[in-house]
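Novice:
In the UniProt record's numbering, the protein residues as written are 1 to 146.
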């Protein structure tokens with residue numbers, strides 16, 4: 001199987017490493033919250049024809065290596081992804097909305113994005129094993145919501 005993908009008028013290989021965080025980088029993406037978020041991200045990516053190559057949800061941020069079709073900009077995709085997942089999080093977990101510091105925003109403004117080229121396997125491994133390495137270095141525990 002080739003790594004190139006096809007649309008009706010183009011062949012492409014557009015792979016990005018994207019990272020985004022909850023507002024104030026609070027450590028709320030744990031346990032059932034992380035599982036629910038992952039399912040929603042996968043559903044949105046399927047809907048928008050974005051292929052997830054690697055994803056890792058940590059307590060205070062999300063890493064994703066994905067292939068976004070050239071018909072869609074990264075910023076448009078991230079706007080949809082963050083908007084839909086924020087609505088879902090507040091709907092499924094009303095206790096998050098009660099926090100005075102959220103101000104109706106689940107995600108922090110902005111995100112990190114980098115194109116992936118020759119070092120794709122290295123970046124995918126970084127995303128896959130980053131949580132393990134961070135726990136070794138940090139030694140912190142996650143905030144339990146439920």
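Yeah, the Cβ is synthetic: ideal placement off N, Cα and C, and Gly gets one too.
1. What are the start and end residues of the beta strand (DSSP E) that includes residue 27?
2. Helix, strand or coil, according to DSSP, for residue 67 in the structure here?
3. Cα separation between residue 66 and residue 27?
4. Restricting to Cα atoms, I'd like to know which of 70, 30, 82, 14 is closest to residue 43.
5. So if DSSP puts residue 55 in a beta bridge, which residue, or which two residues, is it bridged to?
6. On a CA-only basis, which of 120, 95, 24, 70 is nearest residue 110? Give me that one, please.
7. Measuring straight from C-alpha to C-alpha, what distance separates residue 95 and residue 70?
Specialist: Here's the rundown:
1. Segment: none, residue 27 is in no beta strand (DSSP E) and carries neither H nor E.
2. strand
3. When rounded, the distance between both Cα atoms is 24 Å.
4. The candidate whose alpha carbon is nearest that of residue 43 is 82.
5. 64
6. 24
7. Between residue 95 and residue 70, the C-alpha separation is close to 38 Å.
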